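Under numbering that gives the first Met the number 0, the first residue of the sequence shown is numbered 0, with each subsequent residue one higher.
What follows is a set of notes on a single structure, which appears directly below.
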Amino acid sequence: MPLQKDEIIQRQLRFQELLISISTTYINADISDIDQLIHKSLKQIGEFVESDRSYIFSYDFVNNTTTNTYEWCADGITPEIDNLKDVPVDFIPQWLEAHRKGEAFWVEDVSALPDDGELGLKAILEPQGIKSLITIPKFKKDELIGFIGFDSVKKLNKYNDNEKEILFVYANMLVNLRQRKEYEERIKEQEAKKQELLEHLSQQNKSLNEYAHVVSHDLKAPLINIHTLVSWFMDDNKDKITDKEFYPLQQVLFNVEKMDLLIKGILDYSTIDRIDTGDSLVDLNVAINEVLQTLLIPEHITINVQEGLPTLFGNTWRFKQVFQNLIQNAVKYSDKDGGRVDFGYTENEENYQFFVKDNGVGINPNYFHKIFKIFTKLESTGSSSGIGLSIVEKIVKFYKGNIWVESEEGVGATFYVTLPKSVVSKEVEEA
């Protein structure tokens, strides 16, 4: 008797080790071939418990049927999987009742079952050559979804309580494996949809930019014609019409110039992603100096530029657009006799952080989130298109950087631009 107990303990330990091995395989395996994983484990478990047929069924409670989805058979055992599709659950009320309770259903000796008619359990099992069987329910989030089963054809078979518990663990492992497969398929599907959406949005953005570029470019010619014709008319008739009659014509020119500024902004904005000229090393000391030469700086405003600005790798036009718009913006909103604009930078291991600081009118914090939106202006003037800061933000994002503003009304504003070194200086370091 002690030897028999030792044998039982050793068998249970080997069974647990087998289950751990299968579990490890499930965890580490590529489950793209989930069918092979399940078939292999059914064979391993089936051979260990000395069954002749192991299988998995799924329940369909909408149609009240059950279907054999996986099956392993020992040598010489006839497969039954093709004969067990959409079996009415009314044929197996005993084990369905047990499964609903979360319990195993087993028959130690099919021949001992009562003769309960051609649709009875004995009539179903005996034609399959089954002498003993056990079925273990599978649950997914407290929902009964199917069962695993083990048939003994060649001999009677018994299962002790410990073996039943291990089979329950195996059933849960199968459910988890299937869930993992479903999750991965869902993630792949979502990734595919996300990629498709990104490609669609990219194409849409490209089309919109091209459309804006073409339309803006085509609008400039008639706008120039209008400006020219009105200007000629005003020059030719300046001695014939009164100032009052001149006023509407001056308003036409004012709005034409305003429209021209807006079109130029749209062209610049739509051009950001279209530039295909090669990138190069850009010495910001030179670039900023060239920017300042193109700007009209009133005498009462002083521009201070930090010495020793870094050299970046990228497109010269883009970098100039960023800092030209920011400096121009600072100059425009200077309201003091001693106006001052400071341009400089700091750096750390990952980023360059540039700043454009002024002592102008400042910005109400309530408008911080609006100023980078295209066509947004905090005041209505003919000298602003409302696109400048949108262009700046778009270029900064193009280089995977960030832009923000800090300001106090009446004191001034500071715009910060952070550019990651990994994007704008990798090639500089290699040069």
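Virtual Cβ for every residue (Gly too), placed ideally from N, Cα, C.
Note that this is a predicted model, so its numbers are computed, not measured.
- In this model, I129 and G101 are separated by some 23 Å (Cα to Cα).
- In this structure, DSSP gives E407 an extended state, which the three-state scheme calls strand.
- Secondary structure at S53: strand, using DSSP grouped into helix, strand and coil.
- With distances taken between CA atoms, L132 lies nearest to K157 out of K140, K139, A111 and K157.
- When beta bridges are read from the DSSP output, P364 appears opposite no residue.
- Residue environment for G307: exposed (fewer than 16 other C-beta atoms within 10 angstroms of its C-beta).
- C-alpha of I302 to C-alpha of N288: approximately 11 Å in a straight line.
- Secondary structure in the region 181-206: no alpha helix (DSSP H) run of 4 residues or longer lies completely within the stretch.
- In this structure N67 touches L83 by the C-beta definition: roughly 4 Å separates them, less than 8 Å.
- V340 counts as buried, since at least 16 other C-beta atoms from the protein chains shown sit within 10 angstroms of its C-beta.
- For T417 against N350, the beta-carbon gap comes to about 5 Å, under 8 Å, which counts as contact.
- When only Cα atoms are considered, L222 and V255 end up about 7 Å apart.
- When the five nearest sequence neighbours on each side are left out, the beta carbons in the same chain lying within less than 7 Å of the beta carbon of D114 are those of K121, in order along the chain.
- By the criterion of at least three beta-carbon pairs nearer than 8 Å, the region 74-93 is not in contact with the region 160-172.
- Relative to the Cα of V86, the nearest Cα in the group I76, F104, G145 and A111 belongs to G145.
- When only Cα atoms are considered, F232 and L295 end up about 30 Å apart.
- Comparing alpha carbon positions, the residue from Q35, D234 and E16 closest to F47 is E16.
- Fully contained in the region 7-72 are the following beta strand (DSSP E) runs of length 3 or more, in chain order: 52-59 and 64-72.
- Boundaries of the alpha helix (DSSP H) around E392: G387 to F397.
- As summarised for the region 76-149, the continuous alpha helix (DSSP H) elements at least 4 residues long and confined to that stretch are 92-99 and 120-124, given in chain order.
- Our two residues, K154 and N161, have alpha carbons roughly 21 Å apart in a direct line.
- Annotation: the continuous beta strand (DSSP E) that includes N350 extends over N350 to D357.
- Looking from the CA of Y398, the closest CA among L388, S406, P419 and I19 belongs to P419.
- The Cβ atoms of Q352 and Y415 lie closer than 8 Å to each other.
- Exclusion of the five residues before and after E6 leaves no residue of its chain whose Cβ lies closer than 7 Å to its Cβ.
- Under the 10 Å beta carbon count, L280 is surrounded by fewer than 16 other beta carbons and is classified as exposed.
- The beta-carbon distance between F322 and V290, rounded to whole angstroms, is 6 Å. This is short enough to meet the 8 Å contact definition.
- Sequence-distant Cβ neighbours of A97 in its own chain, meaning closer than 6 Å and more than five residues away, are F104.
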